[in-house]
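So the structure is just underneath, and the comments pick up after that.
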Amino acid sequence: MFIQFFYTSFQYTKAGFDGSYRKQLLSSGQQAELNKLDASRFAPFWNEIVKNLREEDYISNTELDLLLMPKNIGGLPIVQWPLFLLASKVFLAKDIAVDCNDSQDELWLRISKDEYMQYAVEECFHSIKYILSSILDKEGHLWVQRIFDGIQESISKNNIQSDIHFSKLPNVIAKLVAVAGILKETESADMKKGAVNAIQDLYEVVHHEVLFVDLSGNIDDWSQINRARAEGRLFSNLKWPNEPGLKDMIKRLHSLLTIKESAANVPKNLEASRRLQFFTNSLFMQMPLARPVSEMLSFSVFTPYYSETVLYSIAELQKKNEDGISTLFYLQKIYPDEWKNFLTRINRDENAADTELFSSANDILELRLWASYRGQTLARTVRGMMYYRKALMLQSYLERMHSEDLESAFDMAGLADTHFEYSPEARAQADLKFTYVVTCQIYGVQKGEGKPEAADIALLMQRNEALRIAYIDVVESVKNGKPSTEYYSKLVKADIHGKDKEIYSVKLPGNPKLGEGKPENQNHAVIFTRGNAVQTIDMNQDNYFEEALKMRNLLEEFSQNHGKFRPSILGVREHVFTGSVSSLASFMSNQETSFVTLGQRVLSNPLKVRMHYGHPDVFDRIFHITRGGISKASRIINISEDIFAGFNSTLRQGNITHHEYIQVGKGRDVGLNQIALFEGKVAGGNGEQVLSRDIYRLGQLFDFFRMLSFYVTTVGFYFCTMLTVLTVYIFLYGKTYLALSGVGESIQNRADIQGNKALSVALNTQFLFQIGVFTAIPMILGFILEEGVLTAFVSFITMQFQLCSVFFTFSLGTRTHYFGRTILHGGAKYRATGRGFVVRHIKFAENYRLYSRSHFVKG
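Shown next, in the form of structure tokens:
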């Protein structure tokens, strides 16, 4: 137990320092400043990320407009940033200018302290000049040129304070808003007349209230302008801005001059904000440079599926529990902003009744998908993994455009918005590098019986052309007058008519399901994967487009130096997306997050004992299919099949690394009973590992320090947990004996007389509650590293009020029971926990049956 305590303290302290150090690292080849060319290259990636957030209903249309980045391909000599960075900055700069009585340099210094305020002022200056120059001709164009030349001259002479009356700037802004507000509309005679009048009003304000114009330097030009003004033709030949680029610039200028509220909290959705923050922060972490798509390693994604939920049906969403609460109602209440964004996306009124959504077949399907994308369903997993293909298509398209002509780097940002998904070259390149295989073991049986799961899987294939489904086909026949059963591994896809099209069919020597179901499901279909790497993804996982963009960088880790042996498994960080469902789900989420970040960081380096703890690790495909595969399937002993892949890889001189600049979503159990069954399955699996030959061999081959590290991070953790619970029994029985025999009082009196504080502390029972607090230490360190000290303190106090210590102490009993029972009696088995939403009350009888042996009787 002391070993476990000291290891935990060392592990998470070391991980905290490592994580703090890594956050300060910059990726290799990064430049300190971005120029316009870099911005034009980055814009299509950022915009596609934001558009995907809108398609997933995490942001509203207004937030989409604020987050989109201009293409930076116009005539402006500056980099244009997303509006949410520049919102309200013009008005703040106006207030500074109006109140400032200092010199020009002091004024600009105050504005430049906020770099985005500086960008906003510069962009407004250049945009106004570009727009007015584009829509006016002859004398009007000459007027714009003279005004802006005069301003530039005043700046160069440091006379800006005397030449411009800053107190009248609000009037100029009001007139500019009027001009931009008209020009962003569709052309008509009335609009054109209104635009001319608005520009004339701007002329009056500029000349009579704001700007002192020196006419001595350009007498001929000003005479020509005044003559045109007197004749009423100065702005009469206005050219309406119909070009898309110019129209977008006008709309953006209008937004810059009208948005007065700060957009610092955009996006408001916590999940969207978390994803964007992680993506931007990860760009400053160490990662290998990616090769072009045509030269990158090809890879496959591999997902086992049995009979879990593919898509929620309307009946499931509308079914009410004993309190009258349906799943759909539950989702609407815990995701209110996402529900509102969904209704906006399908053009429905947010105040409309739910029954109105059921009038259209398309709306029904969209509703089913929306709900399914918020649960632990196969549909969510497929959507996430197909982002790999979408990311490769975008990257391939932009690389091809750039390689054909260096000057096209400015044009490709505009083309990428709509063209990359329809480019045959980009689609072909992505299909060469990426394959997604879902091994649905009983898909053939489900299809034969007309199960809804089969229809939903077929729908997913129709919506995702690169999706491949592997399954076992059972063919009954009669040979020589005797019934015969043949088994085939088949791979199918959807054809252009939406029907299943067979790609491969491999005859098997017999029924492949001899051992555990999930590993056998993976083993029969692994032959259909392609490429140098394979990423194993469970069916309750998710992926994000912005993370898929970094997959090329991750695959380059196979060629990096990570020690004596080249990497055989690349560990990937996980984000548990079910943390917001309930307090118990948040406890599990925080515990899991601390393990997949702080914990695995130290296991990988320096301890070198990280194993494969499940998905979404990336395997060296050739290494593993030539050394026993990625799954061990022996019945009972391999109940925790994932970790045996790590054992297998390590025993065969593989190297398992861990990388935190990329993450994949993961769902966890959300109800108490689901969590208990999951903990029981893992604890029972560790009990079987104690008896396995893999553990014995690793223990024999490791050096002392690596062996000890391996022990305390696998079976030793559960063994120490069992000792902790046994210690509690011994302590309580001892206290009972001391109390009944009367010895306890005399010992306490002697301790008080002698001042023996150690003995007094040993007799206290407070440590029973401290056990639960101790298990939360990794989470606290994780909070501090990820969110800061203050937020970590608030989160920890909140969790204490939610009785997290009671929950973790309760979990100790669950682990101890199943681990000890497996050691003594064996019989570990797979436990289906169920991954749905818990919207019903669990009766005491059911709870008692589940916890009677593990908690009630022992208690």
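Just so we're aligned, residue 1 is where the sequence shown starts under the UniProt record's numbering, counting upward by one.
Using N, Cα and C, we set each Cβ at its ideal position, and we do this for glycine too.
Remember, it's a predicted structure, so these values are computed and weren't measured experimentally.
Check each candidate in 368, 774 and 662 and name the one with the smallest Cα separation from residue 571.
Translated into positions along the sequence shown, residue 571 becomes position 571. Of the candidates 368, 774 and 662, the one whose C-alpha sits nearest the C-alpha of residue 571 is 662.
Endpoints, the alpha helix (DSSP H) within which residue 519 is located
Taking the sequence shown and counting its residues from 1, the one referred to as residue 519 is at position 519. 517-525 is the extent of the alpha helix (DSSP H) around residue 519.
Pull up the DSSP beta-bridge partners for residue 665, would you.
Start at 1 with the first residue of the sequence shown, and residue 665 comes out as number 665. Its beta-bridge partners are 542 and 575.
Go ahead and pull the three-state DSSP assignment for residue 901.
With the chain running from 1 to 859 in the structure shown, residue 901 is simply not present.
Where residue 475 sits in the DSSP three-state scheme
Indexing the sequence shown from 1 puts residue 475 at position 475. If DSSP states are grouped into helix, strand and coil, residue 475 belongs with the strands.
Distance, Cα to Cα, residue 637 vs residue 614?
Against the sequence shown, residue 637 aligns to sequence position 637. Against the sequence shown, residue 614 aligns to sequence position 614. Between residue 637 and residue 614, the C-alpha separation is close to 16 Å.
Does the beta-carbon of residue 793 have 16 or more other beta-carbons within 10 angstroms, so that it is buried, or is it exposed?
Locating residue 793 in the sequence shown gives position 793, where the first residue counts as 1. Residue 793 comes out exposed.
Going by the beta-carbon positions, is the gap between residue 587 and residue 807 smaller than 8 Å?
Position 587 of the sequence shown, counted from the first residue, corresponds to residue 587. Position 807 of the sequence shown, counted from the first residue, corresponds to residue 807. For residue 587 and residue 807, yes; Cβs fall inside 8 Å.
Top-ranked residue by Cα proximity to residue 38, from 56, 50, 81 and 846
Against the sequence shown, residue 38 aligns to sequence position 38. Ranking the options by Cα distance to residue 38, first place goes to 81.
When the Cα atoms are used, what is the spatial distance from residue 481 to residue 517?
Reading the sequence shown from its first residue, position 481 is the one you call residue 481. Reading the sequence shown from its first residue, position 517 is the one you call residue 517. Approximately 32 Å between the Cα atoms of the pair.
Pull up the distance between the alpha-carbon of residue 693 and that of residue 385, whole angstroms please.
For the purposes of this step, residue 693 is taken as the residue at position 693 of the sequence shown. For the purposes of this step, residue 385 is taken as the residue at position 385 of the sequence shown. Residue 693 and residue 385: Cα-Cα distance of roughly 35 Å.
Pairwise C-alpha distance: residue 401 and residue 410
Looking up residue 410 in the sequence shown gives position 410. Looking up residue 401 in the sequence shown gives position 401. At residue 410 the pLDDT is 48, less than 50, meaning the model places this residue with poor confidence; the figure from the coordinates comes in the next sentence. C-alpha separation (whole angstroms): 10 Å.
Taking the beta strand (DSSP E) that residue 263 belongs to, which residues open and close that run?
Here residue 263 corresponds to residue number 263 of the sequence shown, with the count starting at 1. Careful: residue 263 lies outside any beta strand (DSSP E) and carries neither H nor E.
Measuring CA to CA, which of 729, 370, 332 and 333 is closest to residue 345?
Looking up residue 345 in the sequence shown gives position 345. Looking at the Cα atoms, 370 is the closest of the given residues.
Distance check for residue 442 and residue 306, CA to CA, integer angstroms please.
Along the sequence shown, one-based indexing puts residue 306 at 306. Along the sequence shown, one-based indexing puts residue 442 at 442. Each residue's alpha carbon lies about 7 Å from the other.
Which of the three DSSP states is assigned to residue 627 in this structure?
By one-based count along the sequence shown, residue 627 stands at place 627. Residue state, collapsed to three classes: coil.
Over the uninterrupted alpha helix (DSSP H) stretch that includes residue 167, give me the two end residues.
Position 167 of the sequence shown, counting from 1, holds the residue named residue 167. Looking at the DSSP string, residue 167 is not in any alpha helix (DSSP H), and its letter there is neither H nor E.
Would you check if the region 680-694 and the region 814-829 touch, i.e. whether three or more CB-CB distances between them fall below 8 Å?
yes
Figure out for me which residue from 111, 174 and 75 has the closest Cα to the Cα of residue 127.
Translated into positions along the sequence shown, residue 127 becomes position 127. Checking every option, the nearest Cα to that of residue 127 belongs to 75.
Does the contact criterion of 3 or more C-beta pairs under 8 Å hold for the region 266-275 versus the region 51-70?
yes
Closest to residue 304 by CA distance: which of 297, 470 and 739 is it?
Along the sequence shown, one-based indexing puts residue 304 at 304. Taking only the C-alpha atoms, the option nearest residue 304 is 470.
With 16 other CB atoms within 10 Å as the buried threshold, where does residue 355 fall?
Mapped onto the sequence shown, residue 355 falls at position 355. Answer is exposed; the Cβ neighbour count stays below 16.
Which of the three DSSP states is assigned to residue 486 in this structure?
Start at 1 with the first residue of the sequence shown, and residue 486 comes out as number 486. Strand at residue 486.
Tell me where the beta strand (DSSP E) around residue 305 begins and ends.
Taking the first residue of the sequence shown as 1, we reach residue 305 at position 305. Taken as a continuous stretch (DSSP letters only), the beta strand (DSSP E) holding residue 305 covers 299-305.
Looking only at its own chain, which residues have a Cβ that is under 6 Å from the Cβ of residue 562, when we skip the five neighbours before and after it?
Within the sequence shown, numbered from 1, the residue matching residue 562 stands at position 562. Result list for residue 562: 655 and 657, in chain order.
Does the Cβ-Cβ distance between residue 754 and residue 667 come in under 8 Å?
Counting from one through the sequence shown, the residue named residue 754 turns up at place 754. Counting from one through the sequence shown, the residue named residue 667 turns up at place 667. For residue 754 and residue 667, no; Cβs fall outside 8 Å.
Less than 8 Å between C-beta atoms, sequence neighbours within five positions excluded: which residues of the same chain meet that for residue 842?
In the sequence shown, counting from the first residue as 1, residue 842 sits at position 842. Counting only Cβ-Cβ distances below 8 Å, and skipping sequence neighbours, we find 671, 672 and 673.
Give the DSSP-derived three-state secondary structure of residue 309 in the structure shown.
Taking the first residue of the sequence shown as 1, we reach residue 309 at position 309. Coil, per DSSP.
Is it the case that the region 187-207 contacts the region 278-298, given that we only count it when at least three CB pairs across the two stretches are under 8 Å?
no
Cβ of residue 731 less than 8 Å from any chain B Cβ?
Looking at the structure shown, chain B is missing, and only one protein chain is on hand.
Can you tell which of 175, 130 and 197 has the C-alpha that lies nearest to the C-alpha of residue 141?
Numbered from its first residue, the sequence shown carries residue 141 at position 141. Of the candidates 175, 130 and 197, the one whose C-alpha sits nearest the C-alpha of residue 141 is 130.
Proximity below 8 Å, CB of residue 298 to CB of residue 392
Here residue 298 refers to the residue found at position 298 of the sequence shown. Here residue 392 refers to the residue found at position 392 of the sequence shown. Not in contact: residue 298 and residue 392 (Cβ atoms no closer than 8 Å).
Which term fits residue 320, buried or exposed, when burial requires 16 or more other beta carbons within 10 angstroms of its beta carbon?
Taking the sequence shown and counting its residues from 1, the one referred to as residue 320 is at position 320. Of the other Cβ atoms in all chains shown, fewer than 16 fall within 10 Å of the Cβ of residue 320; this residue is therefore exposed.
Where residue 425 falls: helix, strand or coil (DSSP):
As a working note, residue 425 is residue 425 in the sequence shown. Residue 425 falls in the helix class under three-state DSSP.
Classification of residue 152 by the beta-carbon crowding that lies within 10 angstroms, buried from 16 upward:
Here residue 152 refers to the residue found at position 152 when the sequence shown is read from its first residue. The residue is exposed, with fewer than 16 neighbouring Cβ atoms inside 10 Å.
Since residue 42 is in the alpha helix (DSSP H), which residue starts that stretch and which ends it?
For this step, residue 42 is matched to residue 42 along the sequence shown. Unbroken alpha helix (DSSP H) run through residue 42: 36-55.
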